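A.B. asks: Chains Z and S, in that order, give the protein sequences. Per the numbering used here, numbering of the first sequence is gapless, rising by one per residue and ending at 464. Per the numbering used here, numbering of the second sequence is gapless, rising by one per residue and ending at 1000.
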Amino acid sequence: MTAAALPGFPRPILRRRELGLLLAVGVALLLGSLSLGFTRNGVPSLADPAGLATYLVTLTAVHVALVVAGRRVDEVLLPVVGLLGGIGLLLAARLPQGLVVARVGTATLGLASLQLVWLVLALGIAAVVAITVRSDRWLRLYKYTWAALGLALLLLTFVFGSDVNGTRLTLELGPVSGQPSELLKVILVVFFATYLAENRVLLADARVRVVGRLTLPPAPYLLPAGLMLALALGIVVVQRDLGAALLFFAVFLCLFYLATGSRVDVVLGIALFLAGFVALALVFPHVRDRVATWLDPWADPLGTGYQTIQALHAFARGGLLGTGLGAGLPLIGGQLPIPAVHTDFPLAALGEELGMTGVLAILGCYLVIVSRGLRIAAAAADDVRALLAAGLALVIGVQAAIIAAGNLKLIPLTGITLPFISYGGSSLLVNGLIVGLLLAFSDRGPALPREPRRARRFARGGE
Amino acid sequence: MDPVTLALWAIRLAFLAALYVFLALVVRALLRDIRAAARDPAGALGRLVVITSAGVPAAGSVFPLDALTTLGRDLGSSVVLDDPFASARHAVLTFRGRGWYVEDLGSTNGTLVNGVPIAGALPLGFGDELQIGDTRMRLERGIR
Chain Z
2 MTAAALPGFP
12 RPILRRRELG
22 LLLAVGVALL
32 LGSLSLGFTR
42 NGVPSLADPA
52 GLATYLVTLT
62 AVHVALVVAG
72 RRVDEVLLPV
82 VGLLGGIGLL
92 LAARLPQGLV
102 VARVGTATLG
112 LASLQLVWLV
122 LALGIAAVVA
132 ITVRSDRWLR
142 LYKYTWAALG
152 LALLLLTFVF
162 GSDVNGTRLT
172 LELGPVSGQP
182 SELLKVILVV
192 FFATYLAENR
202 VLLADARVRV
212 VGRLTLPPAP
222 YLLPAGLMLA
232 LALGIVVVQR
242 DLGAALLFFA
252 VFLCLFYLAT
262 GSRVDVVLGI
272 ALFLAGFVAL
282 ALVFPHVRDR
292 VATWLDPWAD
302 PLGTGYQTIQ
312 ALHAFARGGL
322 LGTGLGAGLP
332 LIGGQLPIPA
342 VHTDFPLAAL
352 GEELGMTGVL
362 AILGCYLVIV
372 SRGLRIAAAA
382 ADDVRALLAA
392 GLALVIGVQA
402 AIIAAGNLKL
412 IPLTGITLPF
422 ISYGGSSLLV
432 NGLIVGLLLA
442 FSDRGPALPR
452 EPRRARRFAR
462 GGE
Chain S
857 MDPVTLALWA
867 IRLAFLAALY
877 VFLALVVRAL
887 LRDIRAAARD
897 PAGALGRLVV
907 ITSAGVPAAG
917 SVFPLDALTT
927 LGRDLGSSVV
937 LDDPFASARH
947 AVLTFRGRGW
957 YVEDLGSTNG
967 TLVNGVPIAG
977 ALPLGFGDEL
987 QIGDTRMRLE
997 RGIR
């Protein structure tokens, strides 16, 4: 058996499972669009048919590209991501188009058109990365370069970032603006994965006794973990962004646990993070304000607590089955009840219009992404790749969990996006990159050639 | 209830149902995948992938490993290396407890792990590179 990586065209490999699931996605999105159009116009019609058609054609194109490329990569991820993106597109078509406006030449693009453009670009990135990335050497060889790059991005945002809604996340370089913390999450996963895979034996076995039966890895190897904790808490203070801090630290702890299998370290990490957060809340007033708003939004129902209260009301109005797409979110004085609904509160809007049933289905999709990532990790050829795959999938899953919890007032409100559904260029593009890398890492290599039939008959005859 | 409201309700519920049909299909795919992996335990302990070779085995070959795998020019070896610089009984890979170990069996030209000659039994991690003569191989995790 030889490798199929010879020059020339690869043999296309049919992906029947992916095609079937994509068909189900298409049917679901058509029904959603029909439901939205019917509610809005009073007669059965599709909402934004051109946008939906473009999106479905793009999904099909990605599928065809993967078939032609002939790599044996995961067949479940693309449909799941496709469904989430489609739901995001439906939500964008349902919200007032004036929420985001951009001028391109003479044309003025509204929310739904912009979301469509970013989604198509994100799927394009996913396809290109899935087809072209064949090795992870470029990721693991330059791990300190990546880490330095990530820290530089973060520092740039600390210093030059502009404040939007009280959090310092956006970096503007001339006409281009973006949120580096989105890219930073990928860079951090790459660094952790390579670092932990290299030192896992030391972290797991060469432990020093501290008190009684409590043991810890030796100090030099704990240093990166300590730095990570400091970084996370630094983000809370300087960027006022609890969401990103929680995301980075939670993913770090997950990878640490996957690499070493030590539960004590994880519990200790959580305790230290909580202790640090409480200490920060006592020292810095803006952190304290955020916690106070979370504990009792009704103290200032028209000011700081407004969004949280409106989100809770939205979930309550939705109930079990929801009001139906386009029928929820009553305007208050000509304004949407939740101002940042397209970026920070898409789950509240979906909770109102699709109900708990719909929200559970959406959360189920994120669960599938995580389970696929862990499966890819379990089948990976070595530790670095396993940790990379697990970390990338966990970034998406943990981020969805954090923003869902924030919407539901389970944790203080955070400013991160709901992957694939929230509006936002940086977020969609980086999540597209993550999906592409996961697909590339799931490559099972060239297929084993079929056993020749004659040989089998011969073997049976010989017995 | 007037028919329009009824139709609206039906479409709304059909959309929610479609989401769950999709999830059910995905879960079925995941279950099949896991069952297929459980049915095929070949190479569960690890695989040896040939990166560069002197001829036989060709680069790109994959060997599922048994807990005791011998390497060498001898035709009785688990992995037969047709390499002029390989000894007849060159090295042995053993799976002990939780990990792989490699041991040189007193070969003439030695065994290299990640480019460094080894002495005695040495733990071999997934992703490590093993070199015997001109044949370079990588230990990879088995497909589960």
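Beta carbons are placed, not taken as given, at the ideal position from N, Cα and C, and that holds for glycine. As the structure is a computational prediction, the values presented were derived from the model and not from experiment.
Under a CB-based cut-off of 9 Å, is residue 374(Z) close to chain S?
C.D. replies: With 9 Å as the cut-off, residue 374(Z) does not count as an interface residue toward chain S.
A.B. asks: Quick one: what does DSSP say residue 412(Z) is sitting in, helix, strand or coil?
C.D. replies: Three-state result, residue 412(Z): coil.
A.B. asks: Could you compute how far the alpha carbon of residue 351(Z) sits from the alpha carbon of residue 360(Z)?
C.D. replies: When rounded, the distance between both Cα atoms is 7 Å.
A.B. asks: At what residues does the alpha helix (DSSP H) containing residue 119(Z) begin and finish?
C.D. replies: Counting along the chain, the alpha helix (DSSP H) containing residue 119(Z) begins and ends at 112 to 133.
A.B. asks: Against chain Z, does residue 874(S) count as a neighbour if the rule is that its beta carbon must be under 9 Å from one of theirs?
C.D. replies: Chain Z, which has a Cβ nearer than 9 Å to the Cβ of residue 874(S), makes this yes.
A.B. asks: Kindly list the residues whose CB is nearer than 8 Å to the CB of residue 250(Z), restricted to its own chain and excluding five residues on each side of it in sequence; keep chain order.
C.D. replies: Around residue 250(Z): 229, 230, 233, 270 and 274.
A.B. asks: Does residue 4(Z) get closer than 9 Å to chain S when you measure Cβ to Cβ?
C.D. replies: Confidence in residue 4(Z) is poor, its pLDDT being 46 and thus under 50, which makes the residue's placement too unreliable to answer from.
A.B. asks: Residue 381(Z) versus chain S: which residues are under 9 Å apart at the beta carbon?
C.D. replies: What residue 381(Z) touches in chain S: 982, 996 and 997.
A.B. asks: Determine which residues of the segment 14 to 39 of chain Z have a Cβ less than 8 Å from any Cβ of chain S, and write them out in chain order.
C.D. replies: Listed in sequence order: 18, 21, 22, 25, 26, 28, 29, 32, 33, 35, 36 and 39.
A.B. asks: Quick check on this structure: which residue in 902(S), 867(S) and 994(S) has the alpha carbon closest to the alpha carbon of residue 33(Z)?
C.D. replies: It is 867(S) whose Cα lies nearest to the Cα of residue 33(Z).
A.B. asks: Would residue 945(S) count as contacting chain Z if we go by Cβ distances under 9 Å?
C.D. replies: So, not an interface residue.
A.B. asks: Along chain Z, which residues have their Cβ under 9 Å away from the Cβ of residue 912(S)?
C.D. replies: What residue 912(S) touches in chain Z: nothing, since even the nearest Cβ is about 11 Å away.
A.B. asks: Helix, strand or coil: how does DSSP classify residue 229(Z) here?
C.D. replies: Reduced to three states, the DSSP call for residue 229(Z) is helix.
A.B. asks: Who are the neighbours of residue 84(Z) on chain S, taking C-beta pairs under 7 Å?
C.D. replies: The contacting residues are 878.
A.B. asks: Run through chain Z and tell me which residues come within less than 8 Å of residue 951(S), C-beta to C-beta.
C.D. replies: Chain Z residues near residue 951(S): none, gap ~16 Å exceeds 8 Å.
A.B. asks: Residues bridged to residue 856(S) by DSSP?
C.D. replies: Nothing about residue 856(S) can be read from this structure; chain S reaches only from 857 to 1000.
A.B. asks: In chain order, what residues of the segment 858 to 869 of chain S put their CB closer than 9 Å to some CB of chain Z?
C.D. replies: The segment 858 to 869 of chain S vs chain Z, Cβ under 9 Å: 860, 863, 864, 865, 867, 868 and 869.
A.B. asks: Enumerate in chain order the residues of its own chain whose CB-to-CB distance from residue 462(Z) is below 7 Å, with the five nearest sequence positions on each side excluded.
C.D. replies: Since pLDDT at residue 462(Z) reaches only 48, below the 50 mark, its modelled position is unreliable, and the value read off the structure follows with that caveat. For residue 462(Z), where only same-chain residues beyond five positions count, there are no Cβ hits under 7 Å.
A.B. asks: Over what stretch of residues does the alpha helix (DSSP H) that includes residue 139(Z) continue unbroken?
C.D. replies: From DSSP, the alpha helix (DSSP H) with residue 139(Z) extends over 138 to 142.
A.B. asks: Is there a Cβ from chain Z that is less than 9 Å from the Cβ of residue 986(S)?
C.D. replies: So, not an interface residue.
A.B. asks: Do you know offhand how far residue 128(Z)'s Cα is from residue 437(Z)'s?
C.D. replies: C-alpha separation (whole angstroms): 6 Å.
A.B. asks: Around the C-beta of residue 236(Z), are 16 or more other C-beta atoms found within 10 angstroms, so that it is buried, or is it exposed?
C.D. replies: Per the 10 Å Cβ criterion, buried.
A.B. asks: What does DSSP give as the partner residues of residue 957(S) in its beta bridges?
C.D. replies: According to DSSP, residue 957(S) bridges with 950(S) and 979(S).
A.B. asks: Using a Cβ-Cβ cutoff of 8 Å, what residues of the segment 72 to 83 of chain Z are near chain S? List them in chain order.
C.D. replies: From the segment 72 to 83 of chain Z, only 76, 77, 80 and 81 have a Cβ closer than 8 Å to chain S.
A.B. asks: Could you tell me the boundaries of the alpha helix (DSSP H) in which residue 891(S) lies?
C.D. replies: Residues 859 to 895.
A.B. asks: Anyone know if the C-beta pair for residue 20(Z) and residue 187(Z) falls short of 9 Å?
C.D. replies: No, Cβ-Cβ distance for residue 20(Z) and residue 187(Z) is not below 9 Å.
A.B. asks: Find out if the Cβ-Cβ distance for the pair residue 291(Z), residue 414(Z) is shorter than 9 Å.
C.D. replies: In this structure, residue 414(Z) lies closer than 9 Å to residue 291(Z) by Cβ.
A.B. asks: For residue 919(S) and residue 903(S), I'd like the C-alpha separation in whole angstroms.
C.D. replies: Using only the alpha carbons, I get a separation of about 5 Å.
A.B. asks: Going by other Cβ atoms of all chains shown within 10 Å of its Cβ, with 16 needed for buried, is residue 386(Z) buried or exposed?
C.D. replies: Result: buried.
A.B. asks: Is any beta-carbon of chain S found at less than 9 Å from that of residue 369(Z)?
C.D. replies: So yes, residue 369(Z) belongs to the interface.
A.B. asks: Below 8 Å, can you find three or more Cβ-Cβ pairs linking the segment 137 to 152 of chain Z to the segment 96 to 110 of chain Z?
C.D. replies: Cβ pair count under 8 Å is below three, so no.
A.B. asks: Assign residue 939(S) to buried or exposed, taking buried as 16 or more other Cβ atoms, counted over all protein chains shown, within 10 Å of its Cβ.
C.D. replies: It counts as buried.
A.B. asks: Give me the Cβ distance between residue 157(Z) and residue 87(Z), rounded to the nearest whole Å; I'm assuming they're in contact under 8 Å.
C.D. replies: No, residue 157(Z) and residue 87(Z) are not in contact; Cβ-Cβ is about 34 Å, not under 8 Å.
A.B. asks: Below 8 Å on the Cβ atoms is my contact criterion, and I expect residue 80(Z) with residue 117(Z) to pass it. Report the Cβ-Cβ distance as a whole number of Å.
C.D. replies: Not really, about 19 Å apart at Cβ, beyond 8 Å.
A.B. asks: With a threshold of 9 Å between beta-carbons, can residue 416(Z) be considered close to chain S, or not?
C.D. replies: Not one chain S Cβ lies under 9 Å of residue 416(Z).
A.B. asks: Applying the 10 Å Cβ sphere with the 16-neighbour rule, what's the burial state of residue 858(S)?
C.D. replies: Exposed, since its Cβ has fewer than 16 Cβ neighbours within 10 Å.
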